[in-house]
Each structure stands twice: as structure tokens, then as C-alpha cells.
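First residue of the sequence shown: 1, per the UniProt record's numbering; consecutive thereafter.
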Amino acid sequence: MDASASAVSRNGNGKRKYEHGPVMRVSSPFINTASSSYQQACSKPFNGRKLVFQPLATSNRLSGDDTSHRCEPPAVPHETTTGGPASAGQFTFVVSTADNFLPGQRYRTARYSRQTSVSLGDDGEPAHKRLRLTCETQQAQKPILRPSRPIAISDQVNSDIWQGILSYCDPKLLLKLKTINSAFYRLLSDRSAIWKQSRQNYFGADMPDCPQGLTEQQYVDLLAGRGCQSRTCPNENTARVFWTFQTRLCPKCFKERTIRADDLPLQRCHSIYLSNIKDSADTRVQLWELLPMARSDGRRYMQPRPVDVTTNSWRGGSNSCHFAFLKSSYAQLEDMYLDFVASSPQSNDALKGWVEGVRRQTMAFMTEVQQIEAWYKVRNGADRDLQQVRIDFFETRAAQLSPPLQSRILWNMAAFRRVIRVPQAPSERSWNTLKAKILPYREQAEQVEQFKIAMAHRDHSRFSPSIRLSEKLHDHRSGRSKWVRTLQPEQTFVLELGQEVFARCLDDKVADEDLLLMCLNGVYHVYEQLKKTSKCPVGLNFDGTTGPYILTLDDARMIVEDVFMKEISPRSQRGETVFRGLRCRGCHRSDFIKTWSFTAAFEHILEAHSQQIGEGLEFWRFAVPFGSCKLRDGRDGPLRFPWYSVPWPKCLPLAPSHQETREMGHWHPDSNEVYTPLRVRNTISAFEGRQPRHNGLPGSDFVGNIVSAATALKGLWLDGTCQMKIALKYAADRYVSTLGTVAPISLLKESVERLRHANPAIELRFRCGVCVGDGGVVQSAKHVKYKLPIETLLIHWEEKHHNSDRVWSQNLMSLPSDSVLMERIEEADGRLQHEKDRAKNRTAELPSNLRKRPRLKGNVVMQTRLASEALDELFARRHPNPSESNVGKPACRTTVAATER
């Protein structure tokens with residue numbers, strides 16, 4: 001007893017901690033610790049009672065285990081083992097240690113188990129030492145980690161507590177929580193204070209309040225959400241908010257839903273006179289000026305129209321071609337105006353009061369819009385401050401390199417320009433990542449910097465070797481541009497070779513889209529073969545040496561100007577396709593595709609891409625200094641590219657209009673890319689073997705049929721011109737089959753407004769079909785170069801083509817041919833089916849991957865119909881007549897040349 005008592009701790013008075021009764025050493029009751037402690041065995045009133053210890057492993061078993069995992073203790077020889085439960089006069093202790101448990105398992109004690117009784121003597125000493133219990137048959141198992149389930153009791157948590165929790169969540173998280181279950185959906189829908197507190201915590205309390213016309217939830221959705229808010233649009237990545245219209249739209253839907261004032265039909269342009277003097281412009285108000293509007297170039301949103309708060313009116317001019325507004329808003333305001341005019345007395349005071357009320361409401365709304373736009377600029381200003389911090393940090397680190405990297409050279413690196421836009425504080429790790437990307441291209445960046453310096457002072461850099469060589473080459477090769485045309489021997493050789501390859505391409509019936517690039521590609525490879533056999537001419541090369549001639553980009557330009565343009569007029573429709581359908585390999589935008597001519601494309605590359613260095617960017621090879629190139633007669637040559645100093649690359653940095661530059665990879669001048677020409681066009685008409693179905697309307701109802709067809713085509717992944725082609729074909733064929741004559745053009749005029757409401761994808765802006773197909777009309781003509789509103793086009797038809805033998809349903813508008821329509825239907829269906837397959841695969845992965853969320857617009861994609869299904873709905877296939885045999889007869893096909901010309 002003394003030995004064991006010596007280990008007992010003592011209190012501050014020197015007394016033993018356990019003064020009453022004996023103590024015993026008991027193992028820790030926690031499974032994660034193996035320590036022991038002394039506890040009082042019994043108190044004085046119970047000294048005479050017998051203590052019974054029940055070893056946990058006596059008759060215990062693991063939950064769910066069989067008897068093979070039972071731990072049997074050794075027999076205790078000094079005490080009698082009883083089979084029943086302990087008596088009332090005994091204390092029962094369940095002794096458990098860390099060795100009795102395995103991870104992830106729990107022991108159960110039988111209700112009536114065997115007990116081992118150990119008697120204590122009068123002095124409190126145990127009669128015998130307790131034996132260690134062992135479990136040899138039980139093996140260690142790997143712990144099973146199961147996910148916690150805090151949501152299981154979420155329905156028991158008070159909604160006020162959830163409101164406090166959710167108020168501190170990120171707005172983006174709230175948008176996701178609303179889609180988890182119905183409880184969160186109802187809570188977030190009913191409690192607008194959650195959304196308000198969340199946006200103020202995240203964006204700051206100084207942000208503008210919720211504007212009129214929006215709820216707090218809608219306001220947060222515009223601030224933090226993503227995806228086009230058009231119901232039928234599958235775009236999930238749109239983030240631009242048009243606060244003037246309180247919506248988030250992709251560029252395509254913005255163009256469909258808005259209209260500029262100059263595009264309004266004449267019958268819908270309402271002028272409101274506020275006084276009896278109708279000739280005064282000061283007292284006249286256009287109805288569209290009472291709407292919220294934004295400045296636009298017809299394709300994209302730029303900024304809201306500014307408001308003069310002092311006069312409560314618009315600031316600046318009112319050019320109708322600069323401002324856009326929602327079509328639905330104008331239709332609603334137009335109905336209100338017509339109802340007011342019809343119901344109110346014809347008095348200027350009442351009309352003036354109505355106008356002032358609408359204007360006051362609009363100006364108040366636009367003032368809120370300006371506040372939100374101003375707050376956005378301030379918020380973006382913080383990002384610009386962080387951007388400046390990153391710029392200073394990386395420039396300092398670059399200056400510490402050996403040798404130092406100057407700031408102006410650092411700005412030539414594309415990786416540096418990308419990394420400074422990251423909205424995070426700079427670090428040494430980010431600098432090391434950037435350094436690994438820019439050091440391999442240091443030499444090229446220095447070359448570009450030398451090019452900038454030389455071009456900035458080229459008028460005073462007569463002593464620059466590059467500029468002097470450029471002027472020497474220009475004087476040597478500029479004879480073909482003089483009044484008296486003179487050519488060098490190497491130029492004559494290249495022109496003859498170009499004419500030979502051009503004639504071969506025409507014989508092979510190369511498509512117009514591929515004609516220029518395939519011909520130039522053929523000239524290069526043929527000349528390289530001749531150079532290997534020493535059959536090429538000798539001339540002045542791009543590096544100033546004289547020897548076997550090396551082709552330059554000036555030779556390619558010479559072939560385009562002196563071979564192609566003499567055979568194909570650049571002002572014709574075919575010339576538009578051949579010469580102005582080239583895409584730059586450095587431009588990868590998909591929302592806006594710009595095509596170039598051969599000369600303009602290289603000038604664009606030199607200006608936009610040649611001064612950026614990085615991985616996959618080889619356009620720096622065109623950054624060669626060149627002079628002003630004055631001709632001997634004193635005129636300045638219009639040179640904006642070093643045509644004479646750049647060798648003709650094996651792979652031109654251009655692509656035809658039918659290829660996607662994003663999918664072609666990085667461009668390299670020595671690449672062995674195989675040119676992919678336009679596939680052979682399908683010559684089958686989309687309407688071959690078809691006839692229009694009956695839709696319940698009479699065939700003579702041209703307006704009803706064309707509107708019904710346009711409604712059936714709504715939401716398809718098909719171009720608006722293709723949809724107009726199908727709708728017009730359906731209505732015209734039904735009219736002809738019923739009355740046996742062509743529908744009058746006046747019926748199309750009546751259907752214009754209903755078409756706008758039935759299908760916004762049909763823009764109703766077209767080029768003149770007759771003028772486009774007429775090779776004698778210049779390409780710069782108004783009705784050939786631009787798409788005009790249908791009302792303007794109808795006036796042009798009445799003035800120019802009404803008395804011709806042309807059928808207006810086939811020649812009024814420049815629409816795709818029947819065979820081209822079939823191709824576009826197949827392409828649209830292919831893209832849609834690909835997106836549907838992706839949506840199905842993602843949905844199938846959701847149960848096995850908790851991190852993946854359903855696509856925001858997945859249902860929109862799955863519910864969209866294929867264009868071929870819509871075509872089958874409008875045009876039924878004719879069943880062949882068994883009595884008529886077509887064996888041996890050629891299929892009815894339309895040649896590409898006939899349909900295109």
C-alpha cells in the first residue's frame with residue numbers, strides 16, 4: 001500500500017489528495033489514451049460492501065461480429081465466478097482500456113454476463129492483482145471514415161438561425177444553396193434580408209441600393225451570377241450586365257432583343273407634339289426618347305445614355321443611330337401611348353402631362369443606372385491598383401536579374417501582360433513562375449524592342465542597315481508599280497509560275513474560299529522543288545545577297561494583285577469571297593469574327609501580334625524595320641509592312657473563313673500543316689422530295705402561314721437567314737399550291753410586324769438578292785455591302801426591280817441557296833447533338849462525383865429541337881408513286897455553280 005500511495009499526488013497542505021478510503025489504479029476510460037489514474041475505491045459508508053469488477057471482454061463481442069471475435073479472460077482462481085448479475089450490495093465497475101477497442105468499432109455488453117468478484121481486505125488492499133486481458137484473435141482494421149452529416153438536423157434548426165448563418169455567406173454560394181433542396185429554396189425566397197446582408201458584407205455597405213424594378217435576390221443574381229438570362233439561350237459563361245435593361249445577355253441575345261431607333265419601321269415612329277406649333281423641333285418628342293436606352297454600335301452594349309440631372313433630360317445629341325433600347329419596352333410604351341391617345345381628350349396639356357410623367361420616371365431610373373455604373377468603375381479601380389502593385393513588383397524583380405531585364409522589354413512578353421491581370425497580390429512563387437516563361441524568349445523580345453525604336457525614328461534612321469536595305473529592295477522591285485511597267489527576271493519567273501498554278505486550281509474546281517491560299521501554297525512548294533534542282537532564277541534576295549532567288553512575301557502579294565485580280569474582279573461578289581475571306585491565325589475570338597484581305601491581314605498581324613513574345617507566338621519574325629520607301633518621282637509608297645525583307649514562310653499565318661482558328665493550334669512558319677480545303681458541297685436541295693404540310697390555316701393565308709412557320713422555327717440553332725428561307729418557302733409554296741399564282745409582295749409587308757414578335761432570331765435585315773447576284777453591280781453599293789431593314793429593301797425593290805421578270809420570293813432578299821441551307825442544317829444539328837451528348841455524360845457523372853454540379857443551361861440544351869425535326873414538321877416527304885419508275889433517270893440535283901450564281 002505504501003508503494004502505491006507514494007505515487008499519489010498531494011495538495012498544497014501536504015495532505016494526500018484521497019484521504020477517505022483506499023485507492024486503486026484504474027485505466028483511462030477514453031479509447032484514445034493509454035494512461036491511468038488513481039480513484040477512490042469506496043467511501044466510508046460503504047466500506048463493508050463488496051466490489052465486483054466486470055471485465056468488458058468476459059462475454060462482450062463487437063457489434064455485428066460472431067463468436068470468433070470473442071475475447072475470453074483467463075480464469076481467476078481465488079474468487080468464485082458467479083453467473084448472475086451483481087447483487088444490490090455490491091459495486092460493479094466496467095473496466096475498459098484502449099486495447100479493448102479497434103478503430104471504427106464499438107463493444108456491447110450482454111445484459112446478463114459473467115462477473116468476476118474481487119474482495120478487498122479490511123485495509124483496502126486488493127486480494128489479488130488484476131490480470132491483463134488480451135485479445136489475440138482480433139486483428140487491427142483500417143478505420144472507415146464516413147462523411148459527417150450536419151444537414152440531417154437542418155430541418156430542426158430554427159429559420160432565424162439559418163438566416164443569421166446565410167447572411168454571412170458569399171452571394172455566389174447563396175445562388176447555389178437555393179438549388180440544393182426545397183427548404184433552402186423557400187427560406188431564401190421568403191427572406192430578402194439574407195440577400196441584402198450578404199451583398200453588403202461581400203461588396204461593401206457603400207454600394208448602391210437595390211434599384212427599382214428588381215428584388216434583392218434579382219439584384220444579387222445580376223451582381224454575382226453567370227449565364228445568359230434568355231430562356232432559350234444555352235450560354236453559361238456570360239457575365240456582362242446591362243444595367244440599363246436590368247438583365248444579363250450574351251451578344252447574340254442582346255442583338256435579338258434590342259433595336260436602334262433608326263431601325264424602327266416608319267409606321268411605328270411616333271412624334272409627339274407638345275404644342276400647336278408642329279414645325280418646331282423644340283416642342284417635338286420622339287416616343288423612343290422616353291425609354292431607358294444605351295449607346296450601342298448595333299452589335300454590342302457600350303454605356304448608358306448620360307442624363308443631365310439639372311434639366312432632368314438627356315445630355316448631348318439625339319442621333320438615333322447611336323442608341324438602342326429593348327424591343328419589348330418600346331412595344332409596351334407604344335401600347336400605353338396609343339391607349340392614352342384613344343381614351344384621353346385631344347388636349348396638349350394632358351398629353352404633355354403624360355409625357356412628363358414618363359420622362360420623370362425614366363430619368364430617375366437612369367440616374368440609378370449611372371450610380372451603379374460609377375460604383376462599378378470605383379470597384380474596378382481597386383483591381384487596377386492591385387494591377388499596378390503587381391506591375392511594380394515584377395518590374396523590380398526583373399531589374400534584379402543578371403543581366404537586368406528592362407521594363408520596356410518585359411512589356412513585350414505576353415506572359416507578363418497576362419499575369420498582371422490576376423486579381424491577387426504578387427508573391428515570389430508567382431515571380432518564379434513568370435520568370436520561367438519569359439527568360440527563354442528574351443532575345444526575341446529585345447529584337448522587337450529594336451524594331452520599335454527603329455520604326456519610331458525611321459525618318460531619321462538613314463544609317464540603319466535594315467532600313468537602307470529595305471529601301472534598296474524597294475527601288476529594285478517597285479518597277480511594276482510605275483507608269484512604265486518594268487519587271488526583274490525573278491519577278492517574271494514567279495508571275496509565270498503563279499499563272500500556271502492558278503489555272504491548275506481552276507481546272508481542279510477549287511472552292512472560291514480556298515482558291516487564294518491553295519494557289520499560293522502550290523506556288524511555294526513548286527518553287528522549292530525547282531530550287532532543289534537549280535532551276536530557279538538568280539536575283540537580289542531579302543538579305544541583300546545575290547544568288548539563287550528566295551521568295552519573299554512581296555512575291556505572294558504580286559501574285560494576288562497581278563494574277564488573281566486580273567481574272568476575278570475584287571468588286572464582284574465572287575471577289576468578295578476570294579479576296580476578303582481570310583482569317584488571322586493570331587485572332588481566336590468566337591463572338592466576333594473579322595476577315596481580311598491579303599494585304600490588310602499582314603498589316604494587322606504586324607500591328608497587333610508581332611510585338612508580343614511568348615510560347616506559341618512566332619509573329620515576331622515579321623518585326624523587321626523598313627523605311628518610308630519613297631519612289632523616284634517623289635511619291636511615298638503606301639507600305640505598312642516589310643514586304644521585301646520578310647521571306648515567304650512555308651506556312652502562311654492565314655486561314656480561310658470556313659476554318660476555326662481556335663482549333664488549329666499555334667502557328668509556326670516552318671510547320672508542315674496539311675491544308676484542309678472546304679469539303680465538297682452537298683448539291684442536294686433541302687426541299688427535294690418535300691411538300692408543305694397543312695397546319696389548319698388556308699393556303700391563301702400567306703401572312704398566317706409565314707408567321708406560323710417562323711414560330712415553329714423559334715429556338716433552333718440555325719441562322720436567322722436560314723429560318724427566313726424556310727418560313728418564306730413554306731408560305732409561298734402553300735399559296736402557289738392553293739391559288740396557282742405567286743403571292744403579292746404586299747402580303748410580306750403586312751407580315752413584318754408579326755414576324756418580329758413571332759421569332760426575334762429573324763433579324764429582318766437583308767441585302768438585295770438581285771444586286772448581290774449581279775456581277776455588274778459594284779461591291780461597295782449600299783444594297784450589296786450592307787444589310788438593310790426589310791422596309792428599306794421593299795422600297796428599293798419597288799424602285800429598281802419591280803418591273804423586272806424576277807420573282808420577289810426568290811430574289812428580294814439575299815438568302816442561302818437550297819443546297820447551302822441543307823449544309824447549315826446538318827452543321828447546326830451536329831453542334832446541338834454534341835452539346836446534348838456532353839450534357840448527358842455530365843448528368844451521368846453527378847452521382848459518382850460530388851464536386852460536379854448540374855449545368856445551368858443543361859435543360860435548355862436538352863429541350864432544343866434539331867433543325868431537321870423542325871424541317872420535317874413543316875415539310876413532309878413525298879411518298880414515291882409505285883406506278884412511276886425512276887430507274888435509269890439521274891437524280892434531281894442542283895449544281896453548286898447554279899445555286900450560288
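Where is the CB? At the ideal position from N, CA and C, for every residue including glycine.
Reference residue i; option with closest CA among the options
{"i": "residue 928", "options": "V309, S344, E256", "result": "This structure leaves residue 928 out entirely; the chain is present only between 1 and 901."}
{"i": "L274", "options": "H834, T232, V285", "result": "V285"}
{"i": "C536", "options": "D543, G773, P548", "result": "P548"}
{"i": "K785", "options": "E791, F766, G227", "result": "F766"}
{"i": "E443", "options": "N412, G769, T310, R429", "result": "N412"}
{"i": "V807", "options": "I745, L351, E289", "result": "I745"}
{"i": "S809", "options": "V341, L716, V742, A425", "result": "V742"}
{"i": "T552", "options": "L401, H694, P647", "result": "P647"}
{"i": "P403", "options": "F393, R379, L439, R418", "result": "L439"}
Residue j beta carbon less than 8 angstroms from that of residue i
{"i": "S737", "j": "G696", "result": "no"}
{"i": "D507", "j": "L678", "result": "no"}
{"i": "Y730", "j": "A709", "result": "yes"}
{"i": "D554", "j": "W643", "result": "yes"}
{"i": "I613", "j": "A454", "result": "no"}
{"i": "P208", "j": "W375", "result": "yes"}
{"i": "L166", "j": "L174", "result": "yes"}
{"i": "I762", "j": "Q723", "result": "yes"}
{"i": "A414", "j": "L617", "result": "yes"}
{"i": "L793", "j": "M813", "result": "yes"}
{"i": "C210", "j": "Y219", "result": "yes"}
{"i": "K714", "j": "N759", "result": "yes"}
{"i": "G227", "j": "L856", "result": "yes"}
{"i": "G858", "j": "A844", "result": "no"}
{"i": "D818", "j": "A686", "result": "yes"}
{"i": "A183", "j": "Q163", "result": "no"}
Spatial neighbours of residue i in its chain, beta-carbon cut-off 6 angstroms, leaving aside the 5 residues before and after
{"i": "S329", "result": "L291"}
{"i": "R420", "result": "Position check: residue 420 holds Ile in this sequence, whereas Arg was assumed. Closer than 6 angstroms at the Cβ level, and outside the excluded window around I420, lie Q387, R390, I391."}
{"i": "D733", "result": "P692"}
{"i": "F502", "result": "C519, V563"}
{"i": "G84", "result": "Its pLDDT being 47, under 50, G84 is placed unreliably by the model, and nothing is read from it."}
{"i": "N32", "result": "For N32, the predicted structure reports a pLDDT of 44, less than 50, and the residue's modelled location is therefore unreliable. The matter cannot be settled from this model."}
{"i": "L410", "result": "A398, F416"}
{"i": "T533", "result": "none"}
{"i": "A867", "result": "L716, L718, I825, A828, D829"}
{"i": "T67", "result": "With a pLDDT of 42 at T67, under the threshold of 50, the modelled position of that residue is not reliable, and the figure given next carries that caveat. Result list for T67: empty, nothing under 6 angstroms."}
{"i": "A88", "result": "At A88, the pLDDT of 44 sits below 50, so the modelled position is not reliable; the number obtained from the coordinates is stated separately. Once the five neighbours on either side are set aside, A88 has no close Cβ partner at all."}
For residue i: DSSP bridge partner residues
{"i": "F323", "result": "R295"}
{"i": "C169", "result": "According to DSSP, which records beta bridges pairwise, C169 is partnered with nothing at all."}
{"i": "T247", "result": "F242"}
{"i": "P692", "result": "F875"}
{"i": "L582", "result": "W596, P656"}
{"i": "R260", "result": "A324"}
{"i": "W314", "result": "V307"}
Own chain, CB closer than 8 angstroms to residue i, minus 5 neighbours either side, in chain order
{"i": "Q659", "result": "R583, T676"}
{"i": "P304", "result": "W243, T244, P292, M293, A294, R295, M366, V369, Q370, E373"}
For residue i, the first and last residue of its enclosing beta strand (DSSP E)
{"i": "Q286", "result": "284-286"}
{"i": "V538", "result": "538-540"}
{"i": "G547", "result": "546-548"}
{"i": "S271", "result": "271-273"}
Span of the alpha helix (DSSP H) around residue i
{"i": "I790", "result": "790-800"}
{"i": "N684", "result": "As written in the sequence, residue 684 is Ile, which differs from the Asn given in the question. No alpha helix (DSSP H) holds I684; DSSP gives it neither H nor E."}
{"i": "A743", "result": "Unbroken run through A743: none, as it is neither H nor E."}
{"i": "A732", "result": "720-739"}
{"i": "A503", "result": "489-507"}
Proximal residues to residue i (C-beta, below 7 angstroms), its chain only, five neighbours per side dropped
{"i": "S590", "result": "R662"}
{"i": "I568", "result": "R574, G575, V578"}
{"i": "Q229", "result": "T247, R248, L249"}
{"i": "G581", "result": "E513, T595, P656, S657"}
{"i": "residue 963", "result": "Only positions 1 to 901 of the chain appear in the structure, and residue 963 is not among them; the question remains open."}
C-beta neighbour in chain C for residue i, strict 8 angstroms
{"i": "R485", "result": "Of the protein chains in the structure, only one exists, and it is not chain C."}
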